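*Asks:* Chains Z and P supply the protein sequences, listed in that same order.
At position 408 of the first sequence the residue is numbered 408 (full-length UniProt numbering), and the sequence of numbers has no breaks.
At position 136 of the second sequence the residue is numbered 136 (full-length UniProt numbering), and the sequence of numbers has no breaks.
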Amino acid sequence: MSATFRYRLGHKYFLKAKSLLPQLLTTEDSAGSVSMCYESKRQYVWAPHLYQAQEEAVAKYGGRHTVTLMTGDGVGPELLSHVQEIFRYAGAPIDFEIVEINASTNTPKDMENALLSVKRNGVALKGNIETKFDDPSFKSMNLALRTKLDLFASIVKCKSIPGIPVRHQDVDCVLIRENTEGEYRQLEHENVPGVVESLKIITAAKSLKIAKFAFDYAVQHERKKVTAIHKANIMKLGDGLFLQCCKEVSKEYPNIDFNDLIIDNASMQMVSRPSQFDVLLMPNLYGNILGNIACGLIGGAGVAAGMNIGDKYAVFESGTRNSGRSLKNKNIANPTGILLASCDMLTYLGHSDHAKIIRESVLTVISDKQIRTPDIGGTSTTMDFIKAIIDDIRPKTLAWVKYCRLIMLNNCSG
Amino acid sequence: MTYSMTMKMKPFLPFVISRATNITLMRNIMFKNWPHIPIVFRTLHQSDVLQNATIAEPISRPAGKHTVTLVPGDGVGPELMGGVREVFKAAGVPVEFEEVFISEISPNISASLNTVLDSFRRNKVGLKGIIKTPTTFKGGALQTLNMRIRRELDLFANVVLVRSIPGFQTRHNNLDFIIIREQTEGEYSALEHESVKGVIESLKIVTRKNSMRIAKFAFDYAMRHGRNKVTAVHKANIMKLGDGLFIQCCEEVAKMYPKIKFETMIIDNCCMQMVSNPYQFDVMVMPNLYGDIVDNLAAGLVGGAGVVPGECYSTSVAVFEQGARHSYAEAVGKNIANPTATLLASCNMLKHLHLEYHSKLIEDTVLKVIKGGKITTQDMGGYSSTTDFINAVVHSLP
Numbered sequence: 001m002s003a004t005f006r007y008r009l010g011h012k013y014f015l016k017a018k019s020l021l022p023q024l025l026t027t028e029d030s031a032g033s034v035s036m037c038y039e040s041k042r043q044y045v046w047a048p049h050l051y052q053a054q055e056e057a058v059a060k061y062g063g064r065h066t067v068t069l070m071t072g073d074g075v076g077p078e079l080l081s082h083v084q085e086i087f088r089y090a091g092a093p094i095d096f097e098i099v100e101i102n103a104s105t106n107t108p109k110d111m112e113n114a115l116l117s118v119k120r121n122g123v124a125l126k127g128n129i130e131t132k133f134d135d136p137s138f139k140s141m142n143l144a145l146r147t148k149l150d151l152f153a154s155i156v157k158c159k160s161i162p163g164i165p166v167r168h169q170d171v172d173c174v175l176i177r178e179n180t181e182g183e184y185r186q187l188e189h190e191n192v193p194g195v196v197e198s199l200k201i202i203t204a205a206k207s208l209k210i211a212k213f214a215f216d217y218a219v220q221h222e223r224k225k226v227t228a229i230h231k232a233n234i235m236k237l238g239d240g241l242f243l244q245c246c247k248e249v250s251k252e253y254p255n256i257d258f259n260d261l262i263i264d265n266a267s268m269q270m271v272s273r274p275s276q277f278d279v280l281l282m283p284n285l286y287g288n289i290l291g292n293i294a295c296g297l298i299g300g301a302g303v304a305a306g307m308n309i310g311d312k313y314a315v316f317e318s319g320t321r322n323s324g325r326s327l328k329n330k331n332i333a334n335p336t337g338i339l340l341a342s343c344d345m346l347t348y349l350g351h352s353d354h355a356k357i358i359r360e361s362v363l364t365v366i367s368d369k370q371i372r373t374p375d376i377g378g379t380s381t382t383m384d385f386i387k388a389i390i391d392d393i394r395p396k397t398l399a400w401v402k403y404c405r406l407i408m409l410n411n412c413s414g
Numbered sequence: 001m002t003y004s005m006t007m008k009m010k011p012f013l014p015f016v017i018s019r020a021t022n023i024t025l026m027r028n029i030m031f032k033n034w035p036h037i038p039i040v041f042r043t044l045h046q047s048d049v050l051q052n053a054t055i056a057e058p059i060s061r062p063a064g065k066h067t068v069t070l071v072p073g074d075g076v077g078p079e080l081m082g083g084v085r086e087v088f089k090a091a092g093v094p095v096e097f098e099e100v101f102i103s104e105i106s107p108n109i110s111a112s113l114n115t116v117l118d119s120f121r122r123n124k125v126g127l128k129g130i131i132k133t134p135t136t137f138k139g140g141a142l143q144t145l146n147m148r149i150r151r152e153l154d155l156f157a158n159v160v161l162v163r164s165i166p167g168f169q170t171r172h173n174n175l176d177f178i179i180i181r182e183q184t185e186g187e188y189s190a191l192e193h194e195s196v197k198g199v200i201e202s203l204k205i206v207t208r209k210n211s212m213r214i215a216k217f218a219f220d221y222a223m224r225h226g227r228n229k230v231t232a233v234h235k236a237n238i239m240k241l242g243d244g245l246f247i248q249c250c251e252e253v254a255k256m257y258p259k260i261k262f263e264t265m266i267i268d269n270c271c272m273q274m275v276s277n278p279y280q281f282d283v284m285v286m287p288n289l290y291g292d293i294v295d296n297l298a299a300g301l302v303g304g305a306g307v308v309p310g311e312c313y314s315t316s317v318a319v320f321e322q323g324a325r326h327s328y329a330e331a332v333g334k335n336i337a338n339p340t341a342t343l344l345a346s347c348n349m350l351k352h353l354h355l356e357y358h359s360k361l362i363e364d365t366v367l368k369v370i371k372g373g374k375i376t377t378q379d380m381g382g383y384s385s386t387t388d389f390i391n392a393v394v395h396s397l398p
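As structure tokens, then:
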């Protein structure tokens, strides 16, 4: 009886949200703070161009961008220094503002400075900051960053890289995950001793937003199918609402197939037949788990790139968001993931030619030259890998210089 | 200590250890092992000195990206640009110029405005001489050609790099500050009309959008170049609304940059301070007309229009020119103009193109020639001609 009542209550809220739907899809907040500007006519621009709000947020002068570089813990600092090196050789028009932030600089002021820096520059590249889970007072800074910058969407692209010895060679899926609510709201309390309530929050507004984002992404990147992942058979109201929102949005995109899968089944399908997936749309925790499964399928934590996108800001990081503490300073960490993430960043900022050069070189080195770090079945060190990439990039960028020198020599001798 | 550090760094030794990018890594290692030692490294983008010290070889942008628009301008512009071309050729700079001649005083041989704009938009980077504007109004459009180029390309920020040249004595030495000026609105909006006979209204426009934009640019520029202070110059005691808005926007933006000191100064006081104690300034940001005046004033402090480079930025286009904009038409054909400003501007352009190696090469050579003291142009108290100077630079290139 009470369950039915609650269900009705939930449904009422949903109907209310539904009545807001057209408004959500078209209104632009005049204050310019959190605006849900999803006019269907306007493209989701973070491919070649940016949204107006995103464009205003980036620090771009004379064609050069400033990007915040958050060093993070573990292998973050060393991998990010490699990224800078490679950007220099590729001539990417990016200047980095380096913000040293890691688990040891955990004061509110450090956090505030990092946030301000991202707000100034609009874009950040980030190593993961370790969260000490044995200390309950330690708030996750990664999470704080995502919520304070309202980075509502996390995208992890999982595509098999030829040459990496893995079981499945045909993985090509995109995992889009709600990034700010769900289990990650950090609303936990102990009502009576021994009983802890941990609240999972699902709202219609954010579910509609992420669903819309996923379908827009699918249209933009010529994907065919969107699969919503949920557990609505158990969490009938929470995940039910999420699923309902997804279904609602899917009706606006008749050209894109839509289906839904329960999370347990999805995990099984992911490891047995991953090729069936195209775009996956998930609430927060499921996205976390399934994302790691998918990254594991294509070669582990070192090869997947991830990005967090909001209405104004974007933060790019490795796909599985781990800091790799055990690999620190051993010169064996795999920079592929963070490099691919930095290529995504270049694309986001409109420097797609530089992104292409770097991405191609990374893939050539892994697949054709077979220089790989130990985690993907190679024997090379990080430095060897980076050096191979640079050697691959140099002919692409130095051709012009050599040509000019040649002319000069001819002039001198003539 | 040194030994253990070497051991720690060993895995990185086969690779370039002197690169600025690895300093982050080195700093982390040092901080971990010897937290008591204060670490004074600065990062790649923050310090010109460090950046130049670590540039070992030419790094370029992808092929086909090096075409630069060249607008020679009026007056001595074409002579000076010829000098730049010569120096670039001698230094083997991988830049190809796309020359477009545009002029307001000789319209018969001038290219159309659209040709210039297309070229700038295509190449994204340009080197520009000064286009002379006739002061007498003969009817037609109020906007000058320079203004129209800026307006069309939305080159909202003008940066003038005021730096004393070593070896060239002026009243103040060792000056190093930056003046940033909004240059699309304010008094330069070209909105003037005669409301009743004998009464002219000239409108000065200040908008929130543009003020925020220039303020953010100034602070971003300060961050990028490792500067510590931004001074906003205004006249909000008289123009309480117009300049008031400008100052309000600057204050708002300053809150986003806790590491940079922010202060305001009234324009008349600023001019006095600048001639009496210019060392107090670091980065200055101001609206259009004040910027124009202060630019020229500051250029005068370090040696005049011939030695101060400047740059203009929109979001996607960067145009490099002289800091104090004078075409110096009196000197045409006399071979006496000072090419230092144009050469330094072209060095900044190379830096912008990520050709730091060539930039440093040319900049060092120019400064070396001036410091040598033998070959200086008339405005610097010497007797050499423009060609002498250019030849000296070409021959001194390593």
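For each residue, glycine too, the CB sits at the ideal point set by N, CA and C.
Remember, it's a predicted structure, so these values are computed and weren't measured experimentally.
In the DSSP assignment, find the alpha helix (DSSP H) that holds P/Thr340 and state where it starts and stops.
*Replies:* Here the question's residue 340 of chain P lines up with position 340 in the second sequence. It spans Thr340 to His352 - the alpha helix (DSSP H) in which P/Thr340 sits, taken as one unbroken run.
*Asks:* Determine the DSSP secondary structure at Z/Ala314, reduced to helix, strand or coil.
*Replies:* In the first sequence, the residue the question calls residue 314 of chain Z occupies position 314. DSSP places Z/Ala314 in strand when its eight states are reduced to three.
*Asks:* Under 8 Å by Cβ, that's how I've got P/Glu86 and P/Val394 pegged, so tell me the actual separation to the nearest angstrom.
*Replies:* Position 86 of the second sequence, counted from the first residue, corresponds to residue 86 of chain P. Position 394 of the second sequence, counted from the first residue, corresponds to residue 394 of chain P. Confirmed, about 6 Å.
*Asks:* In chain Z, what lies closer than 8 Å to P/Ala157 by C-beta?
*Replies:* By 1-based counting over the second sequence, the position of residue 157 of chain P is 157. Near P/Ala157 (Cβ distances below 8 Å), the residues of chain Z are Tyr61.
*Asks:* Provide the residue(s) that pair with P/Tyr313 in DSSP beta bridges, ordered along the chain.
*Replies:* Locating residue 313 of chain P in the second sequence gives position 313, where the first residue counts as 1. The partner list for P/Tyr313 (beta bridge, DSSP) reads P/Ala157 and P/Ala318.
*Asks:* Where Z/Ser361 and Z/His221 are concerned, what is the direct C-alpha to C-alpha distance, given to the nearest angstrom?
*Replies:* Reading the first sequence from its first residue, position 361 is the one you call residue 361 of chain Z. Reading the first sequence from its first residue, position 221 is the one you call residue 221 of chain Z. Their Cα atoms are separated by approximately 22 Å.
*Asks:* Could you tell me which of P/Leu203, P/Tyr257 and P/Ser276 sits nearest to P/Asn173, measuring between CA atoms?
*Replies:* Position 173 of the second sequence holds residue 173 of chain P. Nearest option by C-alpha distance: P/Ser276.
*Asks:* Is it right to say Z/His189 is buried, meaning 16 or more other beta carbons lie within 10 angstroms of its own, or is it exposed?
*Replies:* Taking the first residue of the first sequence as position 1, residue 189 of chain Z is located at position 189. Exposed, since its Cβ has fewer than 16 Cβ neighbours within 10 Å.
*Asks:* Could you tell me whether any Cβ in chain P is nearer than 7 Å to the Cβ of Z/Asp95?
*Replies:* If you number the first sequence from 1, residue 95 of chain Z lands on position 95. Answer yes: the Cβ-Cβ gap between Z/Asp95 and chain P drops below 7 Å somewhere.
*Asks:* Go ahead and pull the three-state DSSP assignment for Z/Thr397.
*Replies:* As a first step, residue 397 of chain Z is located in the first sequence; it is residue number 397 there, counting from the start. Looking at Z/Thr397 - three-state DSSP - the assignment turns out to be helix.
*Asks:* Using DSSP with H/G/I as helix, E/B as strand and the rest coil, what is Z/Lys367?
*Replies:* For this step, residue 367 of chain Z is matched to residue 367 along the first sequence. Just to set this straight, residue 367 of chain Z is Ser in the shown sequence, not Lys. Helix at Z/Ser367.
*Asks:* Considering only the beta carbon of each residue, do P/Asp379 and P/Val160 sit closer than 7 Å?
*Replies:* Locating residue 379 of chain P in the second sequence gives position 379, counting from the first residue. Locating residue 160 of chain P in the second sequence gives position 160, counting from the first residue. No, they are not a contact pair.
*Asks:* Please identify the residue among Z/Val156, Z/Asp368 and Z/Thr379 whose C-alpha is closest to the C-alpha of Z/Ala333.
*Replies:* Indexing the first sequence from 1 puts residue 333 of chain Z at position 333. When each option's Cα is compared against that of Z/Ala333, the closest is Z/Thr379.
*Asks:* Given a threshold of 16 other Cβ atoms within 10 Å of its Cβ, counted over all protein chains shown, does Z/His49 qualify as buried or as exposed?
*Replies:* The residue you call residue 49 of chain Z lines up with position 49 of the first sequence. Its pLDDT being 40, under 50, Z/His49 is placed unreliably by the model, and the measurement read from it follows with that caveat. Burial call: exposed.
*Asks:* Expressed to the nearest angstrom, what Euclidean distance is found between the alpha-carbon atoms of residue 475 of chain Z and Z/Glu317?
*Replies:* Chain Z is shown from 1 up to 414; residue 475 of chain Z falls before or after that span and cannot be answered.
*Asks:* For Z/Ala301 and P/Pro258, what's the separation of their Cα atoms in angstroms?
*Replies:* Sequence index remark: in the first sequence, residue 301 of chain Z carries index 301 (1-based). Sequence index remark: in the second sequence, residue 258 of chain P carries index 258 (1-based). In a straight line, the C-alpha of Z/Ala301 is about 36 Å away from that of P/Pro258.
*Asks:* So if I threshold CB-CB distances at 8 Å, which residues from the stretch 150-175 of chain P count as touching chain Z?
*Replies:* Taking 8 Å as the Cβ-Cβ cut-off against chain Z, the residues of the stretch 150-175 of chain P that qualify are Ala157.
*Asks:* DSSP three-state call for Z/Thr227: helix, strand or coil?
*Replies:* Walking along the first sequence from the start, residue 227 of chain Z turns up at place 227. Residue state, collapsed to three classes: strand.
*Asks:* Output needed for Z/Val196: all residues of its chain with C-beta closer than 8 Å, excluding positions within five of it in sequence on either side, in chain order.
*Replies:* On the first sequence, residue 196 of chain Z is found 196 positions in, with the first residue counted as 1. Glu188, His189 and Glu190.
*Asks:* Can you tell which of Z/Cys246, Z/Cys295, Z/Leu80 and Z/His351 has its C-alpha closest to the C-alpha of Z/Val174?
*Replies:* Working through the first sequence from its first residue, we reach residue 174 of chain Z at position 174. Here the closest residue by C-alpha is Z/Cys295.
*Asks:* Considering only DSSP beta bridges, list what Z/Gly182 is partnered with.
*Replies:* Taking the first sequence and counting its residues from 1, the one referred to as residue 182 of chain Z is at position 182. Bridge partners of Z/Gly182: Z/Ile201.
*Asks:* Among Z/Asn121, Z/Val192, Z/Ser367 and Z/Arg120, which has the Cα closest to the Cα of Z/Gly299?
*Replies:* For the purposes of this step, residue 299 of chain Z is taken as residue 299 along the first sequence, with counting starting at 1. For the residues Z/Asn121, Z/Val192, Z/Ser367 and Z/Arg120, the minimum Cα distance to Z/Gly299 belongs to Z/Ser367.
*Asks:* Specify the secondary structure class of Z/Glu188 as computed by DSSP and reduced to three states.
*Replies:* As a first step, residue 188 of chain Z must be located in the first sequence, where it is residue number 188. The answer is strand: DSSP assigns Z/Glu188 an E or B state.
*Asks:* Is the stretch 327-341 of chain Z close to the stretch 66-79 of chain Z, with three or more CB pairs under 8 Å?
*Replies:* Counting Cβ pairs under 8 Å, three or more are found: they touch.
*Asks:* Whose CA, out of Z/Ser137, Z/Ser117 and Z/Met111, lies closest to the CA of Z/Ile129?
*Replies:* For the purposes of this step, residue 129 of chain Z is taken as the residue at position 129 of the first sequence. Per the Cα distances, Z/Met111.
*Asks:* If you check the beta carbons only, do residue 420 of chain Z and Z/Ala388 fall under 7 Å apart?
*Replies:* The first residue shown for chain Z is 1 and the last is 414, placing residue 420 of chain Z beyond what the model contains.
*Asks:* Got a sec, what are the start and stop residues for the alpha helix (DSSP H) P/Arg85 sits in?
*Replies:* The count along the second sequence starts at 1 and reaches residue 85 of chain P at position 85. Counting along the chain, the alpha helix (DSSP H) containing P/Arg85 begins and ends at Gly77 to Ala91.
*Asks:* Looking only at its chain, what residues have a beta carbon closer than 7 Å to the beta carbon of P/Ala329, apart from the 5 residues adjacent to it on each side?
*Replies:* Mapped onto the second sequence, residue 329 of chain P falls at position 329. The answer, listed in chain order, is Asp74, Gly75 and Lys132.
*Asks:* Could you check which residue in P/Phe281, P/Ala91, P/Cys312 and P/Pro287 has the C-alpha nearest to that of P/Ala298?
*Replies:* Start at 1 with the first residue of the second sequence, and residue 298 of chain P comes out as number 298. Measuring from the Cα of P/Ala298, the nearest candidate turns out to be P/Phe281.
*Asks:* Straight-line CA distance for P/His225 to Z/Phe242?
*Replies:* As a working note, residue 225 of chain P is residue 225 in the second sequence. As a working note, residue 242 of chain Z is residue 242 in the first sequence. Approximately 47 Å, taken between the alpha carbons.
*Asks:* Going along the stretch 214-226 of chain Z in order, which residues come within less than 7 Å of chain P, judged by CB to CB distance?
*Replies:* Those would be none; no residue qualifies.
*Asks:* According to a CB-to-CB cut-off of less than 8 Å, which residues of the stretch 331-358 of chain P neighbour chain Z?
*Replies:* Hits within the stretch, in order: His352 and His354.
*Asks:* Under 7 Å, Cβ to Cβ, is there at least one residue of chain P near Z/Thr66?
*Replies:* Your numbering for residue 66 of chain Z matches position 66 in the first sequence. Closer than 7 Å: yes.
*Asks:* For Z/Leu290, name the three-state secondary structure that DSSP assigns.
*Replies:* On the first sequence, residue 290 of chain Z is found 290 positions in, with the first residue counted as 1. Three-state DSSP puts Z/Leu290 in a helix.
*Asks:* Any idea which residues DSSP pairs Z/Arg372 with across the strands?
*Replies:* For the purposes of this step, residue 372 of chain Z is identified with residue 372 of the first sequence, where counting begins at 1. DSSP, once it has assigned bridges, lists no residue as partnering Z/Arg372.
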